Amino acid sequence: MADTILGSHTLQSHGAKLAKLHMHDWIILVLLVVIDVILNTIDPFHRFVGKDMMTDLRYPLKKNTIPFWAVPLFAILIPFAIFGGFYFKRRNVYDLHHAILGLLFSLLITGVLTDAIKDAVGRPRPDFFWRCFPDGIDVYDNITTNVICHGEKKVIREGHKSFPSGHSSWSFAGLGFLAWYLAGKIRVFDRKGHVAKLCLIFLPLLAASLVAVSRVDDYWHHWQDVFAGGSLGLVVASICYLQFFPAPYHVNGWGPHAYFHMLSEAGSNGRVTSTTTNGLHLDSRPVELETVYVEPQNHFRVRDTSPILDDVESGGGH
1 MADTILGSHT
11 LQSHGAKLAK
21 LHMHDWIILV
31 LLVVIDVILN
41 TIDPFHRFVG
51 KDMMTDLRYP
61 LKKNTIPFWA
71 VPLFAILIPF
81 AIFGGFYFKR
91 RNVYDLHHAI
101 LGLLFSLLIT
111 GVLTDAIKDA
121 VGRPRPDFFW
131 RCFPDGIDVY
141 DNITTNVICH
151 GEKKVIREGH
161 KSFPSGHSSW
171 SFAGLGFLAW
181 YLAGKIRVFD
191 RKGHVAKLCL
201 IFLPLLAASL
211 VAVSRVDDYW
221 HHWQDVFAGG
231 SLGLVVASIC
241 YLQFFPAPYH
251 VNGWGPHAYF
261 HMLSEAGSNG
271 RVTSTTTNGL
281 HLDSRPVELE
291 TVYVEPQNHF
301 RVRDTSPILD
311 DVESGGGH
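Below is the structure:
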């Protein structure tokens, strides 16, 4: 076994190359932003709301406990700050790039799915009565008994966007991704039984849950809207995380797939120089790579599968 010590992979040394390699991913992110903007400009489906249905839609019209602009702050900026902290500690631009990319994909895919479903379903919010009849005088069609709203058009339009909850889906998409990320970084599933690590992972999920509960308390959403939105965000976050990172219980769960793929390609070239480049210390001898195991202290081990050495190690060379 030969131990090889890796140096840093910083923004200066590998950042531009990595961004160029994933240029198409960033373009898709921009397209997702455009799609989400379009979905927010079109009118949702105006579902039939009869007089008998108003019993469950008479909750008071309240302001948001957590305003719309605050959701991106904790769903994006808090994870970004933690990603940056791990980057300055380990100087691994692969980890930083793929964490940011994965988080943005999680949020934007969730946003597009949430807004598309909102527009298609058109479920009225619990406070729909006061959106439709701000003066408290309700008017209905004599034949269909459907509502004839005389409130502000923008407020009524927003009143048809109850299912699913956008606050809930975005919170779980961002903070759910952060929970996955922390689980890998602090090795929650290292089989050593440190429950404190597990409690730390639950903090982002608790924060997302409290945001979701606030939507029911504010009467902006039914409990089904919150449950569906939270589930959607968490599922998308899980898929996006596992697209870029191994599962947290994996031996290399602390780093992105691309980082280990880069190390594997670097070792499979069959030769490594003895010089130091950007802190990279390598032995100069040809090897055949079978597996690469990388430790978070910037070490990786290359197993030489030479048949001759295999015979020697197994006792067949005497």
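The opening position of the sequence shown corresponds to residue 1 in the UniProt record's numbering, with each subsequent residue numbered one higher.
We put the beta carbon where it would ideally sit given N, CA and C, even for glycine.
Small disclaimer: the values here were computed from a predicted structure and weren't measured.
(request) Would you give the residue range spanned by the alpha helix (DSSP H) that GLU158 belongs to? (result) Segment 153-158, the alpha helix (DSSP H) holding GLU158.
(request) Put HIS9 into one of helix, strand or coil per three-state DSSP. (result) strand
(message) If I measure Cβ to Cβ from PHE177 and keep anything under 7 angstroms in the same chain, skipping five residues before and after, which residues do I get?
(response) PRO79, GLY102, LEU103, SER106, ALA237, CYS240, TYR241
(request) Would you mind giving the Cβ-Cβ distance between residue 405 and GLY122, rounded to the nearest angstrom? I have them listed as a contact below 8 angstroms. (result) This structure cannot settle anything about residue 405, because the visible part of the chain is limited to 1 through 318.
(request) Take the Cβ of PHE202 as the centre, count every other Cβ of all protein chains shown within 10 Å, and call the residue buried at 16 or more, exposed below. (result) PHE202 should be labelled exposed.
(request) State the beta-bridge partners of VAL147 as determined by DSSP. (result) TYR140
(message) Which of the three DSSP states is assigned to ASN252 in this structure?
(response) coil
(request) Mind the definition here: the region 125-138 touches the region 185-193 only if three or more C-beta pairs lie below 8 angstroms; say whether that holds. (result) As far as the Cβ criterion goes, the region 125-138 does not touch the region 185-193, which means the pair count is below three.
(request) Quick one: using the 10 Å Cβ neighbour count with 16 as the cut-off for buried, is THR145 buried or exposed? (result) Exposed, since its Cβ has fewer than 16 Cβ neighbours within 10 Å.
(request) Report back the beta-carbon spacing between ASP225 and SER162 to the nearest angstrom; my notes put them in contact at under 8 angstroms. (result) About 5 angstroms separates the two Cβ atoms, so the contact holds.
(message) My output table needs one value for GLY193: the three-state DSSP class, helix, strand or coil.
(response) coil
(request) Evaluate THR276 with the Cβ neighbour count: other Cβ atoms within 10 Å of its Cβ, from every protein chain shown; 16 or more gives buried, anything less gives exposed. (result) Below a pLDDT of 50, predicted positions are generally treated as unreliable, and THR276, at 39, falls in that range; no measurement from the model is reported.
(message) Run through the DSSP bridge pairs and tell me what residue 336 is partnered with.
(response) The question about residue 336 has no answer, for the chain in this structure spans 1 to 318.
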